[in-house]
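These notes are about the structure you will find just below.
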Amino acid sequence: MAPGALAKSAVRRVQGVARKALYSRREQVDEAQLLESFGATRAEELVTLALDHRTSRAWCELSQRESARAAIEKLPGAKARTLERATRALRQEWDLFGTPVSFGEGKPVDWSLEPVSGRHYPVDPVERMPLHVTGMDPKYPWVMGRLDSVVALAQGAWVAETEAERSRFATAFVAQTLDFLQANPVGMGVHWTCSMEIALRAANLAQALVMFADRPEVRRPEFLVPVLGALAEHCAWVEAHLEDTSAVPNNHLVSNYVGLVVVGSLFPELPGAPRQVALAANGLRTQMEAQVHPEGTSFEGSIPYHRLSVELFTLAFLVARGAGVSLGPAYEARLRLMFVAARAWSSESGLAPQIGDNDSGRVFPFQERADGDHSYLAGLGAALFNDAGLGGGVFPDEAAWLLGGAGLVRFNALPVAPAPVSVSFAEGGFHILRGEGVVLTVSAGKQGQRGVGGHSHNDKLSFELHLNGRPVIVDPGTGSYTRDPALRNAMRSTAAHNTLQVDGAEQAPLDPARLFALPEDARARVVAFQPGAKHDRLVVRHDGYRHLPAPVGIERTFFLDRHVRALAVGDRLVGTGRHEVVGRLHLPDGQARWCKPAAEVMARAGRVQEGPEAFDARALEIGPAEAPEGWVLFGQGLETLLVPSRYSPGYGRVVPAVSVEFRRQLTPPAWLGWVFVFR
């Protein structure tokens, strides 16, 4: 990092210490403070002042209920999806990264359970919490403790047909909220160890409370007083423990600000709310500029984290706007470009490539979606910004809830946008070649988080290939964070990606003690990006092997021929010495086999520019045997074999797969290549 950036980081750490010291000397918000802040003399008055005198026009206000209901009714299956999610929340069922847990309706929840290990986090002061314990992962209980389940309950109540159903959802909201607050006192246990989780929990709790504002089950002082007090305490904690002390603040700090702006905008009478909203609004403006490139890509170095960032910045924008708080035209303009970027790399089925870390994180608890599903972002962006460039496709559930009937009207009035085209996001380091059902996304750029590399992998010059909406050659994913440090580093290693590895070295060193850092050793960049009517050509380079005793530089060329329907990939190595070079193509499953390619396949491979002059006698057929996706033909002189591998389609899940290795001993300058002929 530059000296100036280090100095700013040091200043933020000093400020953080001061904030925590002030917080430690404050008194917790009690009933008397709440009454004074709302201008009430009795707790009974608090109900009316907090829940009836609403000035916000945010999506969750009762004034927006009929509009949201009408939009949901017009979307096929949306009401059923809403009630299904609400019923699971009613039964207190969670899917924790593929591990199901269920506690039953009205029963206490084991909030500190780490379900994979079966162990529990102690309810101790956070200063003494052993958070990073090998074999345990706090992200699992955090999923429950974020309380997006209470928003699901509120959604169920909004669309329910009978009074009995609405009462049942409201009763569950009260019981689950009080159960959490009683089991997790302020500053105690795993649910108070991460300000991001605390902030998003507060945002969910505040939105759900507003959605239930007319329910008699909620309009009781014995419930409302502790809940409003909890919201004030959550925000006070977040304000004192802002996650801005790291070298480069990231999505955690944005989440902190989102929680503050949502709670403070919905309940501006809470102690400290005006100050916290002002702090958060200024912080969000700053972080939008710092964490989103002018082209619209997130600075995280991860496409899955781009989805998380879009949701964070969008929720803040919508709730703040509903309360009359402007985040400014620059914020709005860059947010729109985030939706444009997500559309650019999504396949026709809406799946995005899994480049960089994927922790399956989301902020919108409106519809269950696959980890790679970015399909809803284009429709949401189109309706939000009335953007014809995002039009067409499907109006998603998220847009129905957040924008209501007015959003649906805007969406339906837009023309269908032209299909996405090939594009290079130079700042984000993602480069997309596409057409005729092919979406190829290449990673070649700086490490994320301005060089810190927190969510970046050793994936430079690697790629993910989707055919007809299906991932065919994949980035193997993330697997785990702190539960299994060895798995964490294996999944972000060079060998885990579709790129060349020289002499078994890493593109950039992986420090076992720093699971969220990756230095800027590779210095990947684009040499040429040449999109065309019939074919696209991309040339990228990295210097990750310049540190070897006999240095080597690698330049990779991608040539997508839409007319022939084939992709040629060639690697040029320059340097000195003799080296063992291994390339890999990772598949999402085991559906691959060696075969003798048909003459027509060989002929097509030979017509693609930038491919090998001669091919090996056998080809790799990928996909189901009865309907293969295509054939990979390798240049002569390469040793090829299929080997067992692992694929993580989402956080916490790892399934068996295979990868193909192609290797050769060579002395630079040298070239090797292969062609994928699509079915």
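Position 93 of the sequence shown, counting from 1, maps to 93 under the UniProt record's numbering, and the rest follow consecutively.
Think of the CB as a built atom: it goes at the ideal place given N, C-alpha and C, for glycine as much as any other residue.
Please read these numbers as outputs of a predicted model, since none were measured by experiment.
With distances taken Cα to Cα, identify the nearest neighbour of Phe223 among Ala236, His234, Glu398 and Leu209.
Taking the first residue of the sequence shown as 1, we reach residue 223 at position 223. With distances taken between Cα atoms, Phe223 lies closest to Leu209.
When burial is assigned at 16 or more other CB atoms within 10 Å of the CB, is Leu131 buried or exposed?
For the purposes of this step, residue 131 is identified with residue 131 of the sequence shown, where counting begins at 1. Here Leu131 is exposed: its Cβ has fewer than 16 other Cβ atoms, across all protein chains shown, within 10 Å.
Integer-rounded CB distance, given that Lys20 should sit under 8 Å from His234:
Along the sequence shown, read from residue 1 onward, the residue named residue 234 stands at position 234. Along the sequence shown, read from residue 1 onward, the residue named residue 20 stands at position 20. No, His234 and Lys20 are not in contact; Cβ-Cβ is about 16 Å, not under 8 Å.
Output yes or no for whether 7 Å exceeds the beta carbon distance between Asp371 and Gly650.
One-based indexing of the sequence shown puts residue 371 at position 371. One-based indexing of the sequence shown puts residue 650 at position 650. The answer is yes: Cβ separation under 7 Å.
Whole-angstrom distance between Thr478 and Ser422, CA atom to CA atom:
Within the sequence shown, residue 422 is the residue found at index 422, counting from 1. Within the sequence shown, residue 478 is the residue found at index 478, counting from 1. If you take the alpha carbons of Ser422 and Thr478, they lie about 27 Å apart.
Look at Ser443 and Ile355 and say whether their C-beta atoms are less than 7 Å apart.
Here residue 443 is taken as the residue at index 443 of the sequence shown, counted from 1. Here residue 355 is taken as the residue at index 355 of the sequence shown, counted from 1. The answer is yes: Cβ separation under 7 Å.
Around the C-beta of Ala617, are 16 or more other C-beta atoms found within 10 angstroms, so that it is buried, or is it exposed?
Along the sequence shown, one-based indexing puts residue 617 at 617. Answer is exposed; the Cβ neighbour count stays below 16.
Alpha carbon of Gly606 to alpha carbon of Val569, nearest angstrom
Reading the sequence shown from its first residue, position 606 is the one you call residue 606. Reading the sequence shown from its first residue, position 569 is the one you call residue 569. Counting only the Cα atoms, Val569 lies some 13 Å from Gly606.
For Ala280 and Val262, what's the separation of their Cα atoms in angstroms?
By 1-based counting over the sequence shown, the position of residue 280 is 280. By 1-based counting over the sequence shown, the position of residue 262 is 262. Taking the straight line joining both Cα atoms gives about 9 Å.
Looking at Ser462 and Gly301, is the spacing between their C-beta atoms short of 7 Å?
Taking the first residue of the sequence shown as 1, we reach residue 301 at position 301. Taking the first residue of the sequence shown as 1, we reach residue 462 at position 462. It is not a contact, given that the beta carbons lie outside the stated cut-off.
Look up Gly389 in the DSSP assignment and say whether it is helix, strand or coil.
Here residue 389 corresponds to residue number 389 of the sequence shown, with the count starting at 1. Correct three-state label for Gly389: helix.
Grouping DSSP H, G and I as helix and E and B as strand, with all else coil, what is Cys595?
Here residue 595 refers to the residue found at position 595 when the sequence shown is read from its first residue. Strand, per DSSP.
Quick one: what does DSSP say Leu327 is sitting in, helix, strand or coil?
Your numbering for residue 327 matches position 327 in the sequence shown. Coil at Leu327, not helix or strand.
Stretch pair the stretch 537-549 + the stretch 521-529: three plus CB contacts closer than 8 Å:
Under the 8 Å Cβ criterion, the stretch 537-549 counts as touching the stretch 521-529, having at least three qualifying pairs.
What is the DSSP secondary structure of Glu93, counted as helix, strand or coil?
Translated into positions along the sequence shown, residue 93 becomes position 93. Strand at Glu93.
Proximal residues to Ala399 (C-beta, below 6 Å), its chain only, five neighbours per side dropped
The sequence position of residue 399 within the sequence shown is 399, counting from 1. By the criterion of a C-beta distance shorter than 6 Å, Ala399 is surrounded in its chain by Gly379, Leu380, Ala383 and Gly407, once the five residues flanking it on both sides are discounted.
Have a look at the DSSP bridge pairing and note the partners of Ile432.
Within the sequence shown, residue 432 is the residue found at index 432, counting from 1. Answer by DSSP bridge pairing, in chain order: Val423 and Thr441.
My output table needs one value for His535: the three-state DSSP class, helix, strand or coil.
What you label residue 535 is simply residue 535 of the sequence shown in a count that begins at 1. For His535, the three-state secondary structure derived from DSSP is strand.
In angstroms, rounded to a whole number, what distance separates the CA positions of Pro669 and Val552?
Counting from 1 along the sequence shown, the entry for residue 669 is found at position 669. Counting from 1 along the sequence shown, the entry for residue 552 is found at position 552. In this structure, the CA atom of Pro669 is about 9 Å from the CA atom of Val552.
Can you list, in chain order, the residues of its chain whose CB lies under 7 Å from that of Asp503, leaving out five sequence neighbours each side?
In the sequence shown, residue 503 corresponds to position 503, counting from 1. Apart from the 5 residues on each side of it in sequence, Asp503 sits with its Cβ closer than 7 Å to the Cβ of Leu548, His579 and Glu580 in its chain, given in chain order.
Threshold first: 3 residues or longer. Then list the beta strand (DSSP E) segments lying entirely within the stretch 498-547, N to C.
Listed in chain order, they are 500-502, 525-530 and 535-542.
I'd like the list of long-range same chain contacts for Gly145, defined as Cβ closer than 8 Å, with 5 residues on each side in sequence excluded.
Translated into the one-based positions of the sequence shown, residue 145 becomes position 145. Excluding residues up to 5 positions away in sequence, Trp111, Phe180, Asn184, Val190, His191, Glu197 and Arg201 lie with their Cβ nearer than 8 Å to the Cβ of Gly145 in the same chain.
Apart from the five residues on each side of it in sequence, which residues of its chain come closer than 6 Å, Cβ to Cβ, to Glu105?
Within the sequence shown, numbered from 1, the residue matching residue 105 stands at position 105. Cβ neighbours of Glu105 beyond the five flanking positions: Leu90 and Arg91.
Decide if Ala419 is buried, meaning its Cβ has at least 16 other Cβ atoms within 10 Å, or exposed.
Mapped onto the sequence shown, residue 419 falls at position 419. Under a 10 Å Cβ-count criterion, Ala419 is classified as exposed, with fewer than 16 other Cβ atoms of the shown protein chains found around its own Cβ.
Using 8 Å as the threshold, is the stretch 336-348 in touch with the stretch 424-436, meaning 3 or more CB pairs across them?
The stretch 336-348 is in contact with the stretch 424-436.
Beta-ladder partner(s) of Ala568, from DSSP
Here residue 568 refers to the residue found at position 568 when the sequence shown is read from its first residue. DSSP lists Phe559 and Val675 as partners of Ala568.
Beta-carbon within less than 8 Å of Gly156's beta-carbon, same chain only, minus the 5 sequence neighbours each way: which residues are those?
Within the sequence shown, residue 156 is the residue found at index 156, counting from 1. Its chain contains Thr82, Leu83, Arg85, Ala86, Thr87, Ala89, Leu90, Glu165 and Phe169 as the residues whose beta carbon lies nearer than 8 Å to that of Gly156, once the 5 sequence neighbours on both sides are disregarded; these appear in chain order.
Straight-line CA distance for Ala152 to Arg663?
Here residue 152 refers to the residue found at position 152 of the sequence shown. Here residue 663 refers to the residue found at position 663 of the sequence shown. In a straight line, the C-alpha of Ala152 is about 51 Å away from that of Arg663.
Quick check: Val675 and Leu633, are their CB atoms within less than 7 Å of each other?
By one-based count along the sequence shown, residue 675 stands at place 675. By one-based count along the sequence shown, residue 633 stands at place 633. Cβ atoms of Val675 and Leu633: closer than 7 Å.
Decide if Ala599 is buried, meaning its Cβ has at least 16 other Cβ atoms within 10 Å, or exposed.
In the sequence shown, counting from the first residue as 1, residue 599 sits at position 599. The residue in question, Ala599, is exposed, as its Cβ has fewer than 16 Cβ neighbours within 10 Å.
Classify residue 693 as buried or exposed, calling it buried when 16 or more other Cβ atoms lie within 10 Å of its own Cβ.
Here the chain has residues from 1 to 679 only, and residue 693 is not among them.
Nearest candidate by alpha-carbon position, reference Val225, set Asn256, Ala40 and Leu315:
Along the sequence shown, one-based indexing puts residue 225 at 225. Among Asn256, Ala40 and Leu315, the Cα nearest to that of Val225 is on Ala40.
Identify every residue that forms a DSSP beta bridge with Ile473.
On the sequence shown, position 473 is the one that residue 473 refers to. The partner list for Ile473 (beta bridge, DSSP) reads Leu465.
Can you tell me the Cα-Cα spacing of Asn489 and Ala517, whole angstroms?
Walking along the sequence shown from the start, residue 489 turns up at place 489. Walking along the sequence shown from the start, residue 517 turns up at place 517. Asn489 and Ala517: Cα-Cα distance of roughly 11 Å.
Between which two residues does the alpha helix (DSSP H) carrying His252 extend?
As a working mapping, residue 252 is identified with position 252 in the sequence shown. Under the DSSP assignment, His252 falls in the alpha helix (DSSP H) whose first and last residues are Asn251 to Leu266.
Cβ contact check for the stretch 463-483 and the stretch 638-648: 3 or more pairs under 8 Å
The stretch 463-483 vs the stretch 638-648: in contact.
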